[in-house]
Structures are given as structure tokens and as C-alpha cells.
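Last residue of the sequence shown: 364 in this note's numbering, with the numbers rising by one and none dropped.
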Amino acid sequence: MLEKLESIQTEALEALASVSDEDSLQAWKVAHIGRSSPVMDVFKSMGSLSKEERPVVGQQANQVKQALEAAFEEKAEMLKQAAIQSSLEGERLDITMPGRTQVRGRLHPVTQTIRQISDIFAEMGFQVYRSREVETDEMNFQLLNFPPHHPARDMQDTFFTTQEGIIMRTHTSPGQVRAMREYAAENPKSPPPVRVILPGMCYRYEQVTARAEMQFTQIEGLAVGHNITFGDLKGTLSDFARRMFGQNVRTRFRASYFPFTEPSAEMDVECFVCGGEGCPVCKQTGWLEILGSGMVHPTVLRNGGYDPEKYTGFAFGMGPERITMLKYRIEDIRNFWRNDMRFLEQF
Ligand code: PHE
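As C-alpha cells, then:
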């Protein structure tokens with residue numbers, strides 16, 4: 018029996034020596050230390066041995082079993098290390114290989130313009146105020162001094178919603194009233210001065226053409242306080258024009274009309290394409306219209322919670338798409354929403 022045990026061990030170890038992968042290792046385990054392996058059979062046949070033989074054979078069988086188990090563990094560890102080694106060699110990193118270049122994204126040209134405009138007004142002490150795109154008819158028109166059915170509403174054809182009185186804002190001006198009301202709420206008896214710009218998306222029910230989109234951005238500006246004059250309006254906006262279009266650019270103000278400002282004016286800047294000589298961009302006039310503006314109408318101040326006897330203010334609104342188009346001589350406003358990479362990648 019002892020000799021048999023010895024040969025069981027020798028044979029098993031020989032078989033193990035030729036094992037070189039995980040599958041055959043598992044098969045070896047079943048065959049040589051599994052429940053019906055030769056060593057285990059020895060344990061099972063112990064009953065037929067004499068009292069004297071039993072402890073000797075038992076001890077020897079245990080030793081063989083332990084030796085085979087240890088050999089198994091050792092082999093398993095060896096195979097594991099070999100697998101790691103081969104994956105390290107096979108998947109070695111070549112750090113001399115040139116990296117893949119990352120394609121860098123960029124901001125939409127209109128976003129770039131909005132940021133540039135916002136930065137200039139931030140330097141002048143204006144804060145960004147975000148108002149809403151879905152508005153009430155009351156905010157968008159009535160509180161801005163557009164009476165119901167007034168023809169001035171036709172200047173801004175409206176997208177209505179299925180909910181009565183709820184519309185898509187046609188301009189950022191309703192944000193004036195929202196901003197004033199929020200500021201006035203802080204101290205209703207003596208509301209604090211307001212200096213905000215309101216950038217955002219506006220919607221108009223319009224025929225889409227090269228010059229008009231039904232969705233576009235505006236930047237509104239509002240300054241309210243004591244003794245604010247039309248001179249402040251002119252000074253602020255001329256300064257803005259110089260910072261935006263160049264230190265030597267000239268500006269001019271033309272009388273205009275908006276229901277929510279009185280008096281109202283549009284500002285032109287000297288055509289920066291031809292320097293005022295006259296060219297196709299300025300349609301031979303030498304001037305480019307940039308924004309609408311005016312002194313906040315007393316009714317609007319009152320609607321915002323500011324007493325027009327004590328406060329005055331100015332407001333303005335401009336179209337970043339239009340400014341971007343002038344700056345880069347883009348001829349078709351529809352490019353901004355086409356999502357054509359060939360267009361967007363140029364900015
Ligand atoms: N809301 C006006 C428009 O959309 C622009 C404007 C804003 C004019 C503020 C005066 C003051 O055309």
C-alpha cells in the first residue's frame with residue numbers, strides 16, 4: 018500500500034509537470050485530488066486494512082494528499098504569474114508613440130459675441146440678470162406700455178401657447194420689469210439703483226429669411242437710479258461701441274419709437290467695414306444700426322415699483338446675431354441654426 022501511495026504521488030506530479038493552462042490544471046485537480054482520485058480511494062479502502070497498518074498508511078496517504086495539494090497551489094500561482102507576464106509583454110505601452118490629437122470644441126459665434134458684450138458691460142458695473150423665455154402677455158406687452166390691440170404689437174409677431182395669456186417672449190424687455198420688481202422688493206419704500214444686462218433667447222412668428230430668424234438672442238440693458246439722464250445713455254452706449262468696435266469708431270443716435278421708452282433712439286456705429294466711405298455692408302450709408310434704446314417710460318418705471326417722480330433710467334436692446342453678422346460679414350442669419358460644422362468651425 019505504501020508503495021502504491023508513492024507511485025500515486027509520482028504519477029500525479031509527473032502529470033502536473035506537463036500542465037500548462039488553466040483548463041488542464043482544473044482537469045488535473047479533479048483527477049488527482051478530487052473525490053474519486055487514487056489518493057482518496059486509498060482513504061476509502063482503509064477499512065480493509067489491519068489495525069497496525071491503518072495508522073501508517075493513513076499518515077502516508079495524508080502526506081501524499083497534502084503534497085499534491087501544495088503542488089497544485091504552486092502550479093496555479095505559476096500559471097497566474099505567467100498570464101500576467103504575457104499580458105504585460107503583449108500589451109506593453111509604447112510611450113514614444115505620438116498621442117492622438119484632441120479635437121477642440123468651440124463656443125458658438127453668437128455665444129462668443131454675447132460673452133464679449135457681457136464682459137464690456139460687466140466692466141461698467143452691470144450685472145447679468147436672467148429672465149424667462151416663456152412669458153405672460155402682460156409682462157411682454159401690457160406692463161411695457163403696449164395697450165391691448167395696439168398696432169405696435171405688430172412690430173413683434175408673437176408665438177402664443179395653448180395657455181391663455183402665456184406666450185414666448187418676443188424681446189428681452191419684459192426682463193426690465195421683472196428685474197425692477199425684484200430689486201424693488203428688497204426695499205419698496207426706497208428701491209435700490211438697478212444696473213443689469215439681460216441676455217437671452219427671443220421668439221417671433223416671422224417668415225424665416227436671410228435677414229430674419231424666428232428664434233434669436235437679444236441683450237437688454239437697464240440702468241435705473243436718481244438723476245440718470247439721456248447723456249448717461251449716450252455716454253454708456255458710445256463707450257460700449259468704442260470698446261466693442263474700436264477706440265476710434267464714431268456713433269450717432271437717431272430718434273425712434275418704442276412704447277416702453279420716451280424719448281427713444283437707435284444707435285448707429287460708423288461702418289467698420291469701409292470706415293464710413295460707403296460699401297455694400299452699410300448699403301452705402303457709412304453707418305450700421307446696432308441697437309434700440311431710450312429713457313425708461315414713466316409707466317414702465319411705475320410697473321417695476323419705481324416712482325417716476327424720483328427715479329429715471331435708460332434701457333437698450335441689441336441683437337448679438339446681427340452684430341456677429343456685421344463683424345464677420347455673414348450674409349445669411351440662418352447659418353447660425355444650421356449646425357453646419359463648416360460654418361461653425363470658422364469662429
Ligand atoms: N425691445 C426692443 C426690440 O426688441 C429693443 C429695445 C430695448 C428698445 C430697450 C429700447 C429699449 O426691438
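Note that the Cβ used here is the ideal one computed from N, Cα and C, for glycine as well. Remember, it's a predicted structure, so these values are computed and weren't measured experimentally.
Residue i: CB within 7 Å of a non-hydrogen atom of ligand 1
| i | result |
| --- | --- |
| PHE270 | no |
| PHE163 | no |
| SER190 | yes |
| PHE275 | yes |
| VAL334 | Sequence check: residue 334 is Gly here, not Val. Yes, Cβ of GLY334 sits closer than 7 Å to a heavy atom of ligand 1. |
| GLU237 | yes |
| SER310 | yes |
| SER281 | yes |
| THR278 | yes |
For residue i, three-class secondary structure by DSSP
| i | result |
| --- | --- |
| TYR200 | helix |
| ARG147 | coil |
| ASP256 | helix |
| VAL241 | strand |
| PHE247 | helix |
| ASP324 | coil |
| THR341 | helix |
| MET63 | helix |
| ILE184 | strand |
| THR128 | helix |
| ARG117 | coil |
| THR153 | strand |
| PHE177 | strand |
| SER135 | helix |
| PHE275 | strand |
| ASN162 | coil |
| MET141 | coil |
| THR189 | coil |
| ASN356 | coil |
| ILE50 | helix |
| ASP111 | coil |
| THR226 | coil |
| MET18 | coil |
| VAL74 | helix |
| SER103 | helix |
Residues near residue i in its chain [Cβ-Cβ closer than 7 Å; skip 5 each side]
| i | result |
| --- | --- |
| PHE176 | ILE184, MET185, TYR220, TYR222 |
| VAL266 | ALA258, ARG259, VAL286, GLU287, PHE289 |
| TYR200 | PRO208, PRO209, VAL211 |
| THR153 | GLY182, ILE183 |
| LYS92 | LEU33, VAL36, LEU42 |
| ALA84 | GLN26 |
| TRP45 | ALA32, LEU33, VAL36 |
| ALA88 | LEU30, LEU33 |
| ARG319 | PRO325 |
Beta-ladder partner(s) of residue i, from DSSP
| i | result |
| --- | --- |
| MET218 | THR234 |
| GLY311 | SER281, ALA332 |
| LEU305 | VAL286 |
| THR268 | VAL286 |
| ARG212 | ALA240 |
Rounded separation between residue i and residue j - CA only
| i | j | result |
| --- | --- | --- |
| ILE307 | CYS288 | 10 Å |
| GLY107 | GLN98 | 14 Å |
| LEU269 | PHE333 | Checking the sequence shown, residue 269 turns out to be Arg, not Leu. Their Cα atoms are separated by approximately 15 Å. |
| GLU181 | MET141 | 40 Å |
| ASN79 | GLU70 | 14 Å |
| LEU239 | THR226 | 30 Å |
| ARG380 | PRO165 | It is not possible to answer for residue 380, since the shown part of the chain is limited to 18 through 364. |
| SER67 | MET18 | 12 Å |
| PHE158 | ARG117 | 54 Å |
| PRO337 | GLY295 | 23 Å |
| PHE143 | ARG121 | 31 Å |
| ARG339 | THR113 | 49 Å |
| ASP38 | PRO72 | 37 Å |
| GLU90 | ARG109 | 28 Å |
| THR370 | ASN356 | Limits of the chain in this structure are 18 at one end and 364 at the other, which puts residue 370 out of reach. |
| VAL194 | ALA272 | 24 Å |
| PRO168 | PRO276 | 11 Å |
| GLN173 | MET231 | 11 Å |
| SER24 | SER103 | 35 Å |
| ARG170 | TYR274 | 13 Å |
| MET156 | PHE233 | 19 Å |
Contact set for residue i: own chain, Cβ-Cβ below 6 Å, skip 5 residues either direction
| i | result |
| --- | --- |
| PHE364 | PRO126 |
| GLY330 | ALA240, VAL241, ILE245, VAL313 |
| PRO216 | ILE131, ILE236 |
| LEU343 | LEU305 |
Residue-chain proximity (residue i, chain C), Cβ-Cβ < 8 Å
| i | result |
| --- | --- |
| THR27 | The structure shown contains no chain C, having only a single protein chain. |
Spatial neighbours of residue i in its chain, beta-carbon cut-off 8 Å, leaving aside the 5 residues before and after
| i | result |
| --- | --- |
| LYS327 | HIS243 |
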